[in-house]
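A.B. asks: Protein chains in written order, with this note's numbering: chain H, 1 to 271; chain E, 1001 to 1271; chain A, 2001 to 2265.
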Amino acid sequence: MPVLEKEGAQVWRRRTTGEGMVRWFGWLIGVAVFVVCWQQISAATTWFFVWDAPRIANDIWTRATPPKWEYITQLGRPIWDTLNIATLGTLIALCLAVPVAFLAARNTTPSALFVRPIALLIIVSTRSINSLIWALLLIAIIGPGVFAGVVAIAIRSIGFCAKLLYEAIEEIDTTQVEAITATGASRWQVMAYGIVPQILPAFAGIAVFRWDINIRESTVLGLVGAGGIGLQLSSSLNVLAWPQVSLILVVILFAVVISEWVSAKVRGAII
Amino acid sequence: MSTVRLEDKLGQGWKKPPFVKRAGLRWALIIGFVAYLIAAVLTIEVDWGRVYVGLDRGWQFILSFTRPDFVSRWSDIWEGLLESIMMTVAASVVGIAISIPIGLGAARNIAPLPVYVVCRGIVAISRALQEIIVAILLVAIFGFGPLAGFLTLSFATIGFLSKLLAEDIEAMDRVQAEAIKASGARWMQWINYGVQPQVMPRLVGLSMYRIDINFRESAILGLVGAGGIGATLNTAFDRYEYDTAAAILILIIGIVMGLEYLSGVIRAKVQ
Amino acid sequence: MLSLQKLTKTYKTGDQALKGIDLEVPKGQVLALIGPSGAGKSTMIRCINRLVEPTEGAVLLDGTDLTSLGSGALRRARREMGMIFQEYALVERLTVMENVLSGRLGYVGFWRSFLRRYPQSDVDEAFRLLDRVGLLHMADKRADELSGGQRQRVGICRALIQNPKLLLVDEPTASLDPKTSRQIMRLITELCQERGLAAIINIHDVALAQMFVPRVVGLRFGEIVFDGEPTGLTPDKLTEIYGEEDWEATIETVEGEDETTEAAE
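#1: Could you give the DSSP three-state label for residue 1005 of chain E: helix, strand or coil?
#2: Please determine if the stretch 61–78 of chain H and the stretch 218–232 of chain H are in contact, where contact requires at least 3 C-beta pairs separated by less than 8 Å.
#3: Less than 7 Å between C-beta atoms, sequence neighbours within five positions excluded: which residues of the same chain meet that for residue 191 of chain H?
#4: Measure how close the beta-carbons of residue 1119 of chain E and residue 1128 of chain E come, nearest whole angstrom, since I'm counting them as under 8 Å.
#5: Hey, how far is the Cα of residue 1017 of chain E from the Cα of residue 168 of chain H?
#6: Can you give the Cα-Cα distance for residue 1113 of chain E and residue 174 of chain H, rounded to whole angstroms?
#7: Between the stretch 2205–2221 of chain A and the stretch 2031–2047 of chain A, do at least 3 Cβ pairs fall closer than 8 Å?
#8: Using the three-state DSSP reduction, which class does residue 1065 of chain E fall into: helix, strand or coil?
#9: Quick one: which chain E residues come within Cβ less than 7 Å of residue 37 of chain H?
#10: Would you identify the three-state DSSP class for residue 1014 of chain E, choosing helix, strand or coil?
#11: List the DSSP bridge partners of residue 2009 of chain A.
#12: Give me whichever residues DSSP pairs with residue 1218 of chain E in a beta bridge.
#13: Where does residue 2024 of chain A land, buried or exposed, given buried means 16+ other C-beta within 10 angstroms?
#14: Going by beta carbon distance, what residues of the same chain come within less than 7 Å of residue 1234 of chain E, once the five residues before and after it are set aside?
#15: For residue 170 of chain H, return the contacting residues in chain A, with the cut-off set at a CB-CB distance below 7 Å.
#16: What are the complete alpha helix (DSSP H) segments, minimum 4 residues, inside the stretch 1195–1265 of chain E?
#17: Between residue 1181 of chain E and the rest of its own chain, which residues show a CB-CB distance below 6 Å, the 5 nearest in sequence each way excluded?
#18: Given this structure, state the Cα-to-Cα distance separating residue 1039 of chain E from residue 211 of chain H, to the nearest angstrom.
#19: From the DSSP output, which residues share a beta bridge with residue 2202 of chain A?
#20: Between which two residues does the beta strand (DSSP E) carrying residue 2213 of chain A extend?
#21: Going by other Cβ atoms of all chains shown within 10 Å of its Cβ, with 16 needed for buried, is residue 16 of chain H buried or exposed?
#22: Name, please, each residue of chain H whose Cβ falls closer than 9 Å to the Cβ of residue 2163 of chain A.
#23: List the whole-angstrom C-beta distance separating residue 141 of chain H from residue 1054 of chain E, where the pair is believed to meet the contact cut-off of C-beta under 8 Å.
#24: Between the alpha carbons of residue 2095 of chain A and residue 1030 of chain E, how many angstroms are there, rounded?
#25: Of the residues E:1011, E:1023, E:1081 and E:1065, which one's Cα is nearest the Cα of residue 1256 of chain E?
#26: Going by DSSP, what residues sit across from residue 2082 of chain A in a beta bridge?
#27: When the Cα of residue 214 of chain H is compared with those of H:91, H:242 and H:166, which residue comes out closest?
#28: At the 9 Å Cβ level, is residue 175 of chain H part of the contact set with chain A, yes or no?
#29: Across which residues does DSSP place residue 228 of chain H in a beta bridge pair?
#30: Give the range of the alpha helix (DSSP H) segment to which residue 1105 of chain E is assigned.
#31: Does the Cβ of residue 1041 of chain E have 16 or more other Cβ atoms within 10 Å, making it buried, or fewer, making it exposed?
#32: To the nearest angstrom, report how far apart residue 1252 of chain E and residue 129 of chain H are at their CA atoms.
#33: Rank H:19, H:69, H:223 and H:171 by C-alpha distance to the C-alpha of residue 250 of chain H and give the top, closest one.
#34: I need the boundaries of the beta strand (DSSP E) containing residue 2056 of chain A, first residue and last residue.
#35: Can you list the residues of chain A that residue 186 of chain H reaches, using a CB-CB cut of under 7 Å?
#36: Which residues in chain H sit within 7 Å of residue 2198 of chain A, going by Cβ to Cβ distance?
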């Protein structure tokens, strides 16, 4: 605790002068970095459009309202597809995430030296890349459509689910596992009786949580051609049919709210 | 309590009591889920011929990870990456700065009701709208370029961070905050001494996490013209230049891993 | 029946938890293992069924050396040794019945255990054991709904349904109140008598050990420093095991307490 002598009186300071300097210098660098970033962004912006923005926003708003309610009849199938992309994608991801998680958790991995890094690599690489990029890639490989969307969502979710799950596995109570081992149970029985019951609530929570996120993500996958309601959004945007766009946005908002409600309910019931 | 007699139990089979107690409900849930799955799978149209053809291309893509091409489009990649990073930095700084007051306002235990309602409203809107959809609208309003991406990410950061910050404040220890209030502190002093120390570690952790997310999101904003590496990536896929795409993906994964490592270090230091 | 020969355990950190333990446990004998924290009591028990791998020495159970067994044979050997834990170590999210039946895991195949299709004889035995410890009406409750004493009874059932020759009991009463502790100790010793089981009970509470057990082994720094009847535990001996302390009071109150409880019952 730095206490300075100043004009005969002792003055308490929170930090020493050196510490204070370092802190100020840190802040200075931070601010400088921010200013540079902002200047670059600003240089890449056509400011004329920005000053014009309120007028354009107003223009879009008048064109977009009221939403074209009749259009909803054509949205039934895309909504169904969107739901399927999210649900099937989540299910496939969970099936694949479980083994990956067991291979990645320190206490269940068969080999910490060889298998674990591979599992972690799968987790990191699938998690770092957004589902839209996966969709782009899959469309290039297997063609546009709902199937590409399902696979994209599945791949993106593997890493997410596996990460949360393996953290749950690493936090289990080891004495319960020990007790099951002591009965002479085999490796798989220890898994089924000692580990699985402990991580089941976490697993259910993760599944519902990810499903909720996937509903949101699958609404926009259509923008790159991977099926679902995003396809309609994209084609409406292309022809500047703003009343249709606004209706689709309302539908998406509605879907998001419902999925959040469902996931909250299910999580409440499980835990 | 009804007494259970051993003689009644002996020779009787034993079954695990089902998770859902009411048999009718249980079967309805099972049958409903299976029916949904069948319907969902049947309505997905998969062009297996196309998939079969695509497998070869998929293999080519995986192979291209062994020989990523950083060189031939390096200037595009570098420009896009730099723009992504700048958007991330600027949007994170602005987003975090704005989300702190909104987070304070959205915490029921320190904000008056009208403020609470307004702030919660902002949070709800920001969370319900997908980044990509916000980006589309902002691109339409502000024109192409990183400004739209920057605004999108700032907006998304506000929703994410304010909500978690508000929840954290609501869960804090009341006694500590009351003790500061009892000393006659003003509102700002009270926040500074009573609330801030309690939520600061988590705020830092969440901010780091959000920077990580912002970078990942900035990689896709380019798909809709909001600047960043996404545009370069999209072009690479369109031209079937898998080696370049692989190079970009490796860079993204690398940066995300770096950020995760950094946030781990910082979080460990703060807590 | 059980014999430990020069059993040694050195942890990776270099700590020697056990230094050449030699111990014979005849059939049907209940034995208490006392000693200060860190004396190696838990390690010793866990070395016997190899939850902890011993570094050197042999563990002979009916003449077979457990330390040299492969994983299959080790599992068969573990069926012969029931284990009871300090914090009960029940699988909390499973029902009482599943917890008891999990003691049969060494005997049934994976799919049978996974589908909970245990042989009727196992199910009957589980009901009998639960009735014996007075928890039959709790059979379908989840383990985390039970109180500490009830959980420990379920733990005892799980160990006994293995049909073991030997019980390894690790601090059975450490998380229980004094009354429940006595009930649990009484239950364990009674059940051992009924079934002719040998048991090694690792216990903190010297008084409890003296009350229920015919033979006491004292461990200090991984070495046996006392082996004999509970009456031989003089203050000098306790000092040797635990270190300097006024032991007269402990022993006296123990005897006094014992009388009052016996009288109360």
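Where a beta carbon is used, it is the ideal one built from N, C-alpha and C, also for glycine.
C.D. replies: With the structure as the only source:
#1: Taking the first residue of the second sequence as 1, we reach residue 1005 of chain E at position 5. Note: residue 1005 of chain E maps to coil in three-state DSSP.
#2: yes
#3: Within the first sequence, the letter at position 191 stands for residue 191 of chain H. So no residue of the chain qualifies.
#4: Within the second sequence, numbered from 1, the residue matching residue 1119 of chain E stands at position 119. Within the second sequence, numbered from 1, the residue matching residue 1128 of chain E stands at position 128. The pair is not a contact, with the Cβ atoms about 15 Å apart (cut-off 8 Å).
#5: As a position in the second sequence, residue 1017 of chain E is number 17, starting the count at 1. As a position in the first sequence, residue 168 of chain H is number 168, starting the count at 1. Cα to Cα, the separation comes out at about 26 Å.
#6: Position 113 of the second sequence, counted from the first residue, corresponds to residue 1113 of chain E. Position 174 of the first sequence, counted from the first residue, corresponds to residue 174 of chain H. Roughly 47 Å separates the two Cα atoms.
#7: yes
#8: Within the second sequence, numbered from 1, the residue matching residue 1065 of chain E stands at position 65. Three-state DSSP puts residue 1065 of chain E in coil, outside helix and strand.
#9: For the purposes of this step, residue 37 of chain H is taken as the residue at position 37 of the first sequence. 1086, 1089 and 1090, listed in chain order.
#10: Locating residue 1014 of chain E in the second sequence gives position 14, counting from the first residue. Reduced to three states, the DSSP call for residue 1014 of chain E is coil.
#11: Counting from one through the third sequence, the residue named residue 2009 of chain A turns up at place 9. Note: residue 2009 of chain A sits in a beta bridge opposite A:2018.
#12: Counting from 1 along the second sequence, the entry for residue 1218 of chain E is found at position 218. Answer by DSSP bridge pairing: none, since residue 1218 of chain E is not bridged.
#13: Translated into the one-based positions of the third sequence, residue 2024 of chain A becomes position 24. Residue 2024 of chain A comes out exposed.
#14: Taking the second sequence and counting its residues from 1, the one referred to as residue 1234 of chain E is at position 234. Closer than 7 Å at Cβ, skipping near neighbours: 1222 and 1223.
#15: For the purposes of this step, residue 170 of chain H is taken as the residue at position 170 of the first sequence. The contacting residues do not exist; residue 170 of chain H stays about 18 Å from chain A at best.
#16: 1196–1221 and 1229–1238
#17: Taking the second sequence and counting its residues from 1, the one referred to as residue 1181 of chain E is at position 181. Counting only Cβ-Cβ distances below 6 Å, and skipping sequence neighbours, we find 1190.
#18: What you label residue 1039 of chain E is simply residue 39 of the second sequence in a count that begins at 1. What you label residue 211 of chain H is simply residue 211 of the first sequence in a count that begins at 1. Straight-line Cα distance between these residues: approximately 18 Å.
#19: On the third sequence, position 202 is the one that residue 2202 of chain A refers to. Per DSSP, A:2033 and A:2170.
#20: Working through the third sequence from its first residue, we reach residue 2213 of chain A at position 213. Per DSSP, residue 2213 of chain A belongs to no beta strand (DSSP E) and is neither H nor E.
#21: Here residue 16 of chain H corresponds to residue number 16 of the first sequence, with the count starting at 1. Exposed: under 16 other Cβ atoms inside 10 Å.
#22: Within the third sequence, residue 2163 of chain A is the residue found at index 163, counting from 1. Those do not exist, as residue 2163 of chain A stays about 11 Å from chain H at its closest Cβ, beyond 9 Å.
#23: Here the question's residue 141 of chain H lines up with position 141 in the first sequence. Here the question's residue 1054 of chain E lines up with position 54 in the second sequence. With 8 Å as the limit, residue 141 of chain H and residue 1054 of chain E qualify as a contact, their Cβ atoms being about 4 Å apart.
#24: Mapped onto the third sequence, residue 2095 of chain A falls at position 95. Mapped onto the second sequence, residue 1030 of chain E falls at position 30. Cα to Cα, residue 2095 of chain A sits roughly 23 Å from residue 1030 of chain E.
#25: By one-based count along the second sequence, residue 1256 of chain E stands at place 256. Cα-wise, what sits closest to residue 1256 of chain E is E:1081.
#26: Counting from one through the third sequence, the residue named residue 2082 of chain A turns up at place 82. Residue 2082 of chain A pairs with A:2167.
#27: Within the first sequence, the letter at position 214 stands for residue 214 of chain H. Nearest C-alpha to residue 214 of chain H: H:91.
#28: Working through the first sequence from its first residue, we reach residue 175 of chain H at position 175. True, the Cβ-Cβ gap to chain A drops below 9 Å.
#29: In the first sequence, the residue the question calls residue 228 of chain H occupies position 228. None; residue 228 of chain H has no bridge partner.
#30: Within the second sequence, numbered from 1, the residue matching residue 1105 of chain E stands at position 105. 1074–1105 is the extent of the alpha helix (DSSP H) around residue 1105 of chain E.
#31: For the purposes of this step, residue 1041 of chain E is taken as the residue at position 41 of the second sequence. Exposed.
#32: The sequence position of residue 1252 of chain E within the second sequence is 252, counting from 1. The sequence position of residue 129 of chain H within the first sequence is 129, counting from 1. About 8 Å.
#33: Taking the first sequence and counting its residues from 1, one reaches residue 250 of chain H at position 250. Nearest option by C-alpha distance: H:69.
#34: By 1-based counting over the third sequence, the position of residue 2056 of chain A is 56. Taken as a continuous stretch (DSSP letters only), the beta strand (DSSP E) holding residue 2056 of chain A covers 2056–2061.
#35: For the purposes of this step, residue 186 of chain H is identified with residue 186 of the first sequence, where counting begins at 1. Ordered by position in chain A, the residues that pass the 7 Å Cβ test against residue 186 of chain H are 2075 and 2110.
#36: On the third sequence, position 198 is the one that residue 2198 of chain A refers to. Here the premise fails: no neighbours, minimum Cβ distance about 16 Å.
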